[in-house]
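*Asks:* The sequence shown stops at residue 333 when you use the UniProt record's numbering, and every number in between is there.
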Amino acid sequence: MNASSRPPAPESEAFDPASVTIAIVTYNRSHLLTRLLESIGRMDPKPGHVVVIDNASTDDTTEIVEALREQLGTELVYRRLDTNTGGSGGFSEGMRVAYELGSEWMWLMDDDVEVISDGLARMGKWTPRFRSIQGRRYDYDGSAFYWQYRVAESMAIPIPFAPAAFDASGYKEMNSGCFEGMFIHRDIVQRIGLPDPRFFIYWDDQMYGWLASRITTSVIVDDFVLRRTREIKQHDFGVRHMNASSNAYRYYIMRNRAYLKQYYRANGAYKPLPFAVGTALTLAKELIRLVLVERTIRGTSHLVRGLRDGRKIAGDRSWRPMPPLADAVESAV
Numbered sequence: 001m002n003a004s005s006r007p008p009a010p011e012s013e014a015f016d017p018a019s020v021t022i023a024i025v026t027y028n029r030s031h032l033l034t035r036l037l038e039s040i041g042r043m044d045p046k047p048g049h050v051v052v053i054d055n056a057s058t059d060d061t062t063e064i065v066e067a068l069r070e071q072l073g074t075e076l077v078y079r080r081l082d083t084n085t086g087g088s089g090g091f092s093e094g095m096r097v098a099y100e101l102g103s104e105w106m107w108l109m110d111d112d113v114e115v116i117s118d119g120l121a122r123m124g125k126w127t128p129r130f131r132s133i134q135g136r137r138y139d140y141d142g143s144a145f146y147w148q149y150r151v152a153e154s155m156a157i158p159i160p161f162a163p164a165a166f167d168a169s170g171y172k173e174m175n176s177g178c179f180e181g182m183f184i185h186r187d188i189v190q191r192i193g194l195p196d197p198r199f200f201i202y203w204d205d206q207m208y209g210w211l212a213s214r215i216t217t218s219v220i221v222d223d224f225v226l227r228r229t230r231e232i233k234q235h236d237f238g239v240r241h242m243n244a245s246s247n248a249y250r251y252y253i254m255r256n257r258a259y260l261k262q263y264y265r266a267n268g269a270y271k272p273l274p275f276a277v278g279t280a281l282t283l284a285k286e287l288i289r290l291v292l293v294e295r296t297i298r299g300t301s302h303l304v305r306g307l308r309d310g311r312k313i314a315g316d317r318s319w320r321p322m323p324p325l326a327d328a329v330e331s332a333v
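What follows is the structure, encoded as structure tokens:
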């Protein structure tokens, strides 16, 4: 569905900050979570709720959350999971809790950012027009972080050189998503369902943003609302940066191509040849990352293992996408 064929967004009432839930996923990074929660305590206006999903941390995360509860100035819901479900499982659970709280808007973020004090007001001004919104963020060094907001749909890969500049409108349409700052309305969540925990990590937010963009006009806006608080090793290519990775990321970035394929099939968007090219380009990019950023060739086995395990997922004819929440509610009645 293209933008011109989508129905216009419904008329909105005045934005109410109390209708927002910030959903945070954390795992063994209490020092970073501390900074994020302290920044929420300084927000004006504040959200109605803050949900912290703890992916079975073994550090002092629980103690930190309880110590900072009163400083937030808003209701805090803390859920410590029994096992580490990855970012995918954490955000799925965080959105589920936010949805069940009755939140109109859900603002997702990792624990390695802090919120600009008036960030909620900056996001709120766009809510009368859009239902899927991505704000901008500063990188660790204070520079503007460039996020790849467009994907080449047939290949299911980000377009690394999509224009970074904004025109006078202050927004650009996107067909992707990033859980580090995704701001989404419950109507969209109801229709496309919760984020898919089966991804564990990687490609989950791109897929979720793509699904949202198929039913609403999704945008990235020229408002800085977050600041990254963790320094990541990078290689500077002059125009763009490439971040360091890990063996886990290498495995899941290749394995989860199979989940993208399954979602594309379910939505009638799968084209075998372009998608295969996208997978090959993804593999090439990860090999370049190993050599230029990690300065090693070790790690290739994790890429190969991810491709191998992905073939099993792609061949599973019983696989189904996450259901709309409306369907889930009806089936439970």
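The C-beta atom is built at its ideal place from N, Cα and C for all residues, glycine as well. Note that the structure is predicted; figures quoted are calculated from it, not measured.
1) Taking the DSSP output, what are the residues bridged to Tyr251?
2) Compare the beta carbon distance of Ala212 and Gly181 with 9 Å and say whether it is the shorter of the two.
3) Nearest by alpha-carbon distance to Arg295: which of Glu114, Ser245, Met322 and Thr58 is it?
4) By how many angstroms is the C-alpha of Asp139 removed from the C-alpha of Thr26?
5) With respect to the alpha helix (DSSP H) encompassing Ser39, which residues constitute its N-terminal and C-terminal limits?
6) Measure from the alpha carbon of Tyr251 to the alpha carbon of each residue in Leu226, Phe224 and Ser301, then state which is nearest.
7) When burial is assigned at 16 or more other CB atoms within 10 Å of the CB, is Val239 buried or exposed?
8) Quick one: which unbroken beta strand (DSSP E) runs of 3-plus residues sit fully inside the UniProt domain "Glycosyltransferase 2-like" (21-157)? Chain order, please.
9) For a test of the three-state rule: what should DSSP assign to Ser19, helix, strand or coil?
10) Would you please state the rounded distance, in angstroms, between the beta carbons of Gly41 and Thr21? I believe it to be under 8 Å.
11) What's the call for residue 364, buried or exposed, on a 16-neighbour Cβ count within 10 Å?
12) Going by DSSP, what residues sit across from Lys172 in a beta bridge?
13) On the three-state DSSP scale, how would you describe Leu226?
14) Does the stretch 88-102 come into contact with the stretch 130-145, if we say contact requires no fewer than three beta-carbon pairs (one atom in each stretch) closer than 8 Å?
15) Would you report the Cα separation of Gly73 and Glu66, rounded to the nearest angstrom?
16) Taking the Cβ atom as the reference point for each residue, do Tyr171 and Trp126 lie within a distance shorter than 9 Å?
17) Could you say which of Tyr259, Ser88, Phe183 and Thr282 lies nearest to Thr217 if we only look at CA atoms?
18) If you follow the beta strand (DSSP E) that Phe199 is part of, which residue opens it and which one closes it?
19) For Ala168, which option in Val221, Arg131 and Tyr259 has the closest C-alpha, if you only look at C-alpha atoms?
20) Tell me which residues share the same chain as Pro324 and place their Cβ nearer than 6 Å to its Cβ, disregarding the 5 neighbours each side in the sequence.
21) For Gly31, does the count of other Cβ atoms within 10 angstroms reach 16, so buried, or fall short, so exposed?
22) Between Phe199 and Asn256, which are expected to be in contact by the criterion C-beta below 8 Å, what is the C-beta distance as a whole number of angstroms?
23) Nearest CA to the CA of Ala23: which residue from Arg129, Arg29 and Asp110?
24) With a threshold of 8 Å on Cβ separation, who are the neighbours of Pro195 within its own chain once the five nearest residues in sequence on each side are excluded?
25) Going by the DSSP bridge assignment, what does Ile184 pair with across the sheet?
26) According to DSSP, simplified to helix, strand and coil, what is Tyr270?
27) What residue range is occupied by the uninterrupted alpha helix (DSSP H) comprising Gly315?
28) Does DSSP classify Thr296 as helix, strand or coil?
29) Specify the secondary structure class of Val239 as computed by DSSP and reduced to three states.
30) Three-state secondary structure (DSSP) at Ala14?
31) Taking the alpha-carbon positions, what's the Asp187 to Val291 distance?
32) Give every residue of the same chain whose Cβ lies closer than 6 Å to the Cβ of Arg122, excluding the five residues on either side of it in the sequence, and list them in chain order.
33) Could you tell me the boundaries of the alpha helix (DSSP H) in which Gly209 lies?
*Replies:* Concretely, from the data shown:
1) Paired residues: none, contrary to the question.
2) no
3) Ser245
4) 19 Å
5) Ser30 to Gly41
6) Ser301
7) Because Val239 carries a pLDDT of 49, less than 50, the predicted location of this residue cannot be relied on, and no value is offered for it.
8) 49-54, 75-80, 105-110, 113-115 and 132-138
9) helix
10) Incorrect: roughly 16 Å between the Cβ atoms, too far for contact.
11) This structure leaves residue 364 out entirely; the chain is present only between 1 and 333.
12) Ile220
13) strand
14) no
15) 13 Å
16) yes
17) Phe183
18) Note, Phe199: premise wrong, no beta strand (DSSP E); not H, not E.
19) Val221
20) Arg191 and Gly193
21) According to the sequence provided, residue 31 is His. The question's Gly does not apply to it. Result: exposed.
22) 5 Å
23) Asp110
24) Ser88, Phe91, Ser92, Met95, Phe179, Asp204, Asp205, Tyr208 and Met322
25) Met106 and Ser132
26) coil
27) Here Gly315 belongs to no alpha helix (DSSP H), and DSSP marks it neither H nor E.
28) coil
29) Residue confidence is low: Val239 scores 49 on pLDDT, short of 50, so the model does not pin down where it sits. Its coordinate-derived value is still stated next. Residue state, collapsed to three classes: coil.
30) coil
31) 44 Å
32) Asp223 and Val225
33) Asp204 to Ser213
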